[in-house]
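Heads up: the sequence shown begins at 1 in full-length UniProt numbering, then just goes up one per residue. Even glycine gets a Cβ: it sits at the ideal position worked out from N, Cα and C.
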Amino acid sequence: MFAKCGTSEMPSQDGSLGRTSSVTGTSKTLMQRRNFPAVIAGSTIARQVQYHNLRRPTRVKQSRQSLILTTTCYQYPYRKPEMVVDHLIIGAGVVGLAIAQRLAYKFPSKSTYLVERNSRVGEETRAPGIQSYRVGLYYPTDSLKTRLCLRGRHLLYEHCDKHHVPYRKTGKLIVARKGQEEYLDKLHAHAQALKWPPFSNPNLSDSLVAPTRLIPGDEARQLEPDLSREITAAIESPETGILDSHSFFESLEKLIEESDGAGTVAFGTRVVRVDPHMPQPGESFDDSTSGWVVQFVTGDRDERDSILAHTLINASGLSSTLVLNALLPPEKRLAAFFSRGSYASYRGPGTSHINRLIYPVPEQSTSHGHASLGTHLTVDMQGNIKFGPDSEWLQPPNDATLDGQEIHDFWKRHLVPSDNRLDQMYQAALTYLPGIHRDGLSSDYVGIRPKLVGPGQGFQDFVIRQDWSTNFYRAQAKTGSGLMVSLMGIESPGLTSSLAIGEMVVEELI
Numbered sequence: 001m002f003a004k005c006g007t008s009e010m011p012s013q014d015g016s017l018g019r020t021s022s023v024t025g026t027s028k029t030l031m032q033r034r035n036f037p038a039v040i041a042g043s044t045i046a047r048q049v050q051y052h053n054l055r056r057p058t059r060v061k062q063s064r065q066s067l068i069l070t071t072t073c074y075q076y077p078y079r080k081p082e083m084v085v086d087h088l089i090i091g092a093g094v095v096g097l098a099i100a101q102r103l104a105y106k107f108p109s110k111s112t113y114l115v116e117r118n119s120r121v122g123e124e125t126r127a128p129g130i131q132s133y134r135v136g137l138y139y140p141t142d143s144l145k146t147r148l149c150l151r152g153r154h155l156l157y158e159h160c161d162k163h164h165v166p167y168r169k170t171g172k173l174i175v176a177r178k179g180q181e182e183y184l185d186k187l188h189a190h191a192q193a194l195k196w197p198p199f200s201n202p203n204l205s206d207s208l209v210a211p212t213r214l215i216p217g218d219e220a221r222q223l224e225p226d227l228s229r230e231i232t233a234a235i236e237s238p239e240t241g242i243l244d245s246h247s248f249f250e251s252l253e254k255l256i257e258e259s260d261g262a263g264t265v266a267f268g269t270r271v272v273r274v275d276p277h278m279p280q281p282g283e284s285f286d287d288s289t290s291g292w293v294v295q296f297v298t299g300d301r302d303e304r305d306s307i308l309a310h311t312l313i314n315a316s317g318l319s320s321t322l323v324l325n326a327l328l329p330p331e332k333r334l335a336a337f338f339s340r341g342s343y344a345s346y347r348g349p350g351t352s353h354i355n356r357l358i359y360p361v362p363e364q365s366t367s368h369g370h371a372s373l374g375t376h377l378t379v380d381m382q383g384n385i386k387f388g389p390d391s392e393w394l395q396p397p398n399d400a401t402l403d404g405q406e407i408h409d410f411w412k413r414h415l416v417p418s419d420n421r422l423d424q425m426y427q428a429a430l431t432y433l434p435g436i437h438r439d440g441l442s443s444d445y446v447g448i449r450p451k452l453v454g455p456g457q458g459f460q461d462f463v464i465r466q467d468w469s470t471n472f473y474r475a476q477a478k479t480g481s482g483l484m485v486s487l488m489g490i491e492s493p494g495l496t497s498s499l500a501i502g503e504m505v506v507e508e509l510i
């Protein structure tokens, strides 16, 4: 697992997350934010993997939509850590924020640091101000997506009420045309059979987890008069709604910063390398000094800092497989796929009576392996209409360098809205809202979904994976110390599930 680069030996893969944009003002390094205890010992290298999902992500050969890091030397040589922290989370998306906030409050005497390469939270995967939260209807009963979406929805309600995050239960209709009714029958039966997930309030045990109502097309049109006459049936889901995602992100960030010094968020901080902590000649080792050596650069500085994290959380979203693959031999690396979803705002006729979210029957609706949930209608807190997302598979650059600049620029470029998807979105929306006009659509925003399977490969659950620095390269070891948790394929329903993911990681895995 070691390769010679020049005259020095070093691990042969890199943990680069890419270059951040400049941060306004003077950027403090993570080192300057707190006085860390000095590192006093090294660790051993070994390997263990534990999966918390239905099945392992499919390992596939490089395809035109997949990205697997190639074997090449680190741009940055290994650097012995100067400081130590208890918990280090990579990535200030909604999942990283949820985990960091829970860690900071559960372990007030320990240090929890959240590092983000961008200048603010939640900047990469999605950028809208309003998002819908889901009930958890679409996924297999025993999947993490179902469990965490169901639990996350209730945690989300509690959080929004407590911290004054705007949200609204709009309800949702899933509408079918002739020939699609069987899918609704199965989806309704699936919803009625769902059970309350772990950590749920026992007082809820007698109520339905995901209440739904199967209704004929005429009743659906009574609820939403703008619907097409071709709609023959619908499922009403009253618990679905919308929330102000920016306010939600900011509330989590504020809680971390107000945790009496236990939690800190560092922006403009790009991780450039991750290694299991290696013992130096003559150094002793024990569990208290195990962990992961994380090197990072702050802002536009060329100087690197190196920290030993006893527990490392890889919640880097689009880069989560990239971080892990940098540590794995080629035959163990995981393929990553990326789907771009565009949204359009709408102003025009044909939607004047809309009160609910409206979803068509999903693509590939014969299984749980949806390419997407279809181009659906959503509203914001002011009642403005939006359509999306569509689904467009991306081709990441095959020659990305190890500092991640190419892949980071690639994400930025594809997060820019474009009008070239509007015709397809219009045709998709016409199937259930025939009164809309094409000239009422304008491109709004774009999101990128990280996926672990490509087109037509079926359902893939969230992957929450554990590795330990003390036995990272040992084939069959099942426990260890120096925990790293990698969260991969956290696409929809990731926002709804985020607080439940934080709960699971902190309460069950750490």
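query	result
Buried or exposed by the 16-neighbour rule on C-beta atoms within 10 Å, applied to Gly179	exposed
Per-residue DSSP class, three states only, for Trp292	strand
Runs of beta strand (DSSP E) lying entirely within the region 129-214, each at least 3 residues, in chain order	130-133, 172-177
Residues near Arg168 by beta carbon distance below 7 Å, same chain, minus five either side	Gly241, Ile242, Met381
Burial state of Val416 (16 or more Cβ within 10 Å)	exposed
Coil, strand or helix - Ile354 by DSSP	coil
Span separating the alpha-carbon of Pro166 from that of Gln131	11 Å
Beta-carbon proximity of Trp393 to Leu318, cut-off 9 Å	no
Span separating the alpha-carbon of Leu17 from that of Arg270	With a pLDDT of only 33 at Leu17, under the threshold of 50, the placement of this residue in the model should not be trusted; the figure read from the coordinates follows. For Leu17 and Arg270, the distance between alpha carbons rounds to 6 Å.
Residue nearest to Ala344 in terms of C-alpha spacing, selected from Ile436, Glu258, Thr470	Ile436
Three-state class that DSSP yields for Pro330 in the structure shown	helix
Assigned secondary structure, Met488 (DSSP; H/G/I helix, E/B strand, else coil)	strand
DSSP state of Val453 mapped onto helix, strand, coil	coil
For Pro329, the nearest candidate out of Tyr473, Leu357, Arg438 (CA to CA)	Tyr473
The region 217-234 contacting the region 242-255, beta-carbon criterion three pairs below 8 Å	no
Cutoff 7 Å; reference Ser316; Cβ partners in own chain excluding five residues on either side	Leu17, Ile90, Gly91, Val323
Segments of 4+ residues assigned as alpha helix (DSSP H) that fall wholly inside the region 82-133	94-106
Cβ shell of Glu239 (< 6 Å), same chain only, five flanking positions each side left out	Val135
Beta-carbon contacts of Glu181 that lie in its chain and below 8 Å, excluding the five residues immediately before and after	Thr232, Ala233
Buried versus exposed, by CB contacts within 10 Å (16 or more), Ser418	exposed
Residue(s) in a DSSP beta bridge with Trp393	Ser339
7 Å CB neighbourhood of Ser481 in its chain, flanking five on each side removed	Asp287, Ser290, Trp468, Thr470
Residue of Ser342, Asp409, Ile407 minimising C-alpha distance to Leu377	Ser342
Residues of its chain near Pro434, where Cβ-Cβ distance is below 6 Å and the 5 sequence neighbours each way are ignored	Ser228
Same chain only: Cβ atoms within 7 Å of Leu509, ignoring 5 sequence neighbours per side	Gln466, Val485
C-alpha gap between residue 517 and Arg438, whole angstroms	Any property of residue 517 remains undetermined from this structure, which presents the chain solely from 1 to 510.
First through last residue of the beta strand (DSSP E) which encompasses Ile464	463-468
Other residues of its chain near Glu250: CB distance less than 8 Å, five sequence neighbours each side excluded	Val121
Beta-bridge pairing of Pro216 - partner residues as DSSP gives them	Ala233
The beta strand (DSSP E) enclosing Val505, as first and last residue numbers	Note, Val505: premise wrong, no beta strand (DSSP E); not H, not E.
Alpha carbon of Leu255 to alpha carbon of Leu184, nearest angstrom	41 Å
Inter-stretch contact (C-beta, 8 Å, three-pair minimum) for the region 445-463 and the region 489-508	yes
Exposed unless 16 or more other CB atoms sit within 10 angstroms - verdict on Arg301	exposed
Those runs of the alpha helix (DSSP H) which lie wholly inside the region 237-282 and span at least 4 residues	245-257
C-alpha gap between Leu252 and Ala429, whole angstroms	35 Å
Identity of the residue in Val505, Tyr78, Thr496, Gly456 nearest Met278 by Cα	Tyr78
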